[in-house]
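Following: one structure in structure tokens, then a few remarks.
2 protein chains.
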Amino acid sequence: MKQAIVARADLGMGEGKLAAQVAHASLSAYEDAGRTARNAWKGEGQKKVVLKATGESELFELADVAEREGLPHAIVRDAGHTQLDPGTVTALAVGPAEDDHVDRVTGDLSLY
Amino acid sequence: MKQAIVARADLGMGEGKLAAQVAHASLSAYEDAGRTARNAWKGEGQKKVVLKATGESELFELADVAEREGLPHAIVRDAGHTQLDPGTVTALAVGPAEDDHVDRVTGDLSLY
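Going down the list, the protein sequences come from chains S and W.
Residue numbers in the first sequence follow this note's numbering, run continuously in steps of one, and reach 117 at the last position.
Residue numbers in the second sequence follow this note's numbering, run continuously in steps of one, and reach 117 at the last position.
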């Protein structure tokens with residue numbers, strides 16, 4: 006079981022900002038998952054990978070694939086208090102789910 | 006309502022690694038919180054701040070304060086598959102809770 010969190014590398018987010026956006030996406034997708042997937046993933050240590058996207062359109066395309074695959078997922082929009090304009094799409098989380106199922110959506114992306 | 010996630014700045018973690026550790030701490034402390042605090046925090050948009058610690062001992066000291074204050078909190082140890090030795094303590098999350106209650110623990114720290 007794993008969760009993939011895809012964050013935009015084109016926004017110039019600082020390290021702390023990036024981490025907060027990734028955490029937000031992670032929790033939201035976790036809550037979109039069923040109890041069985043949640044518990045299996047936690048039991049295995051909450052494996053996460055953080056991956057790079059090049060822009061907003063790529064995040065939406067990946068979210069569409071996740072939706073078609075029936076995978077838990079969540080898109081994050083920043084509230085815009087700091088660094089970014091309000092409503093900026095920053096990250097997408099996919100899973101927790103079986104590794105190969107998540108890889109069908111995010112398997113071609115590079116590590117952040 | 007907010008959650009503060011304190012991560013070690015002395016480990017030289019890469020951006021993606023840092024984000025994964027922060028997300029892990031965030032979710033674990035969230036699960037340590039009661040339903041009322043969880044729902045109130047999510048209803049306000051999951052406000053998070055990512056802060057710097059200088060080393061392991063500082064994280065443990067802050068965790069002790071959070072425990073005494075009765076705040077939900079969680080320490081993360083890395084599984085050590087990449088970059089870090091297994092069991093390395095990397096991050097602490099405190100909250101979700103009222104802002105001023107979280108600040109009693111982490112109010113003196115710098116943004117990451």
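Glycine is no exception: its CB is placed at the ideal position from the N, C-alpha and C atoms.
None of these values were measured; they are calculated from a predicted model.
For this session: Going by CA-CA distance only, name the one from W:37, W:53 and W:40 that's closest to residue 30 (chain S).
Result: Residue mapping note: residue 30 (chain S) aligns to position 25 of the first sequence, counting from 1. Looking at the Cα atoms, W:53 is the closest of the given residues.
Problem set entry | Own chain, CB closer than 7 Å to residue 109 (chain W), minus 5 neighbours either side, in chain order | Along the second sequence, one-based indexing puts residue 109 (chain W) at 104. 74.
Exercise. Excluding five sequence neighbours on each side, which residues of the same chain lie with their C-beta closer than 6 Å to the C-beta of residue 70 (chain W)?
Worked result: As a position in the second sequence, residue 70 (chain W) is number 65, starting the count at 1. So the qualifying residues of the chain are 110.
Exercise. DSSP on residue 95 (chain S), reduced to helix/strand/coil?
Worked result: One-based indexing of the first sequence puts residue 95 (chain S) at position 90. Correct three-state label for residue 95 (chain S): strand.
For this session: With residue 58 (chain W) as the anchor, note down where its beta strand (DSSP E) starts and where it stops.
Result: Translated into positions along the second sequence, residue 58 (chain W) becomes position 53. First-last of the beta strand (DSSP E) with residue 58 (chain W): 53-58.
For this session: Determine the extent of the alpha helix (DSSP H) in which residue 29 (chain S) is found, giving its start and end residues.
Result: For the purposes of this step, residue 29 (chain S) is taken as residue 24 along the first sequence, with counting starting at 1. Residue 29 (chain S) -> alpha helix (DSSP H) spans 20-37.
For this session: Quick one: residues in its chain with C-beta nearer than 8 Å to the C-beta of residue 64 (chain S), no 5 flanking neighbours on either side, listed in chain order?
Result: The count along the first sequence starts at 1 and reaches residue 64 (chain S) at position 59. Counting only Cβ-Cβ distances below 8 Å, and skipping sequence neighbours, we find 11, 13, 58, 80, 94, 96 and 97.
Exercise. To the nearest angstrom, how far is it from the Cα of residue 47 (chain S) to the Cα of residue 92 (chain S)?
Worked result: In the first sequence, residue 47 (chain S) corresponds to position 42, counting from 1. In the first sequence, residue 92 (chain S) corresponds to position 87, counting from 1. One C-alpha to the other measures close to 30 Å.
Exercise. Straight-line CA distance for residue 66 (chain S) to residue 41 (chain W)?
Worked result: The residue labelled residue 66 (chain S) in the question sits at position 61 within the first sequence. The residue labelled residue 41 (chain W) in the question sits at position 36 within the second sequence. Residue 66 (chain S) and residue 41 (chain W): Cα-Cα distance of roughly 35 Å.
Problem set entry | N-terminal and C-terminal residue of the alpha helix (DSSP H) that residue 106 (chain S) is part of | For the purposes of this step, residue 106 (chain S) is taken as the residue at position 101 of the first sequence. Residue 106 (chain S) -> alpha helix (DSSP H) spans 104-111.
Problem set entry | Assigned secondary structure, residue 114 (chain W) (DSSP; H/G/I helix, E/B strand, else coil) | Here residue 114 (chain W) refers to the residue found at position 109 of the second sequence. Residue 114 (chain W) falls in the coil class under three-state DSSP.
For this session: Give a yes or no on whether the minimum CB-CB distance between residue 23 (chain S) and chain W is below 8 Å.
Result: The residue given as residue 23 (chain S) occupies position 18 in the first sequence. Chain W, which has a Cβ nearer than 8 Å to the Cβ of residue 23 (chain S), makes this yes.
Exercise. Residue 119 (chain W) versus chain S: which residues are under 7 Å apart at the beta carbon?
Worked result: Coverage of chain W is limited to positions 6 through 117, which leaves residue 119 (chain W) absent and any answer about it impossible.
Exercise. When you compare each of W:72, W:55 and W:76 to residue 103 (chain W) by their alpha carbons, which one comes out closest?
Worked result: Position 98 of the second sequence, counted from the first residue, corresponds to residue 103 (chain W). The shortest C-alpha separation from residue 103 (chain W) is found at W:76.
For this session: Locate the beta strand (DSSP E) running through residue 12 (chain S), then write down its first and last residues.
Result: In the first sequence, residue 12 (chain S) corresponds to position 7, counting from 1. Here the beta strand (DSSP E) through residue 12 (chain S) covers 7-13.
Exercise. Are the C-beta atoms of residue 78 (chain S) and some chain W residue less than 8 Å apart?
Worked result: The residue given as residue 78 (chain S) occupies position 73 in the first sequence. False, the Cβ-Cβ gap to chain W never drops below 8 Å.
Exercise. Who are the Cβ neighbours of residue 6 (chain W) in its own chain at under 6 Å, not counting the five residues just before and after it?
Worked result: Position 1 of the second sequence, counting from 1, holds the residue named residue 6 (chain W). Cβ within range, chain order: 45, 46, 49 and 101.
For this session: Measure the C-alpha to C-alpha separation of residue 34 (chain S) and residue 68 (chain S) and round it to an integer number of angstroms.
Result: The sequence position of residue 34 (chain S) within the first sequence is 29, counting from 1. The sequence position of residue 68 (chain S) within the first sequence is 63, counting from 1. Each residue's Cα considered, the two are about 11 Å apart.
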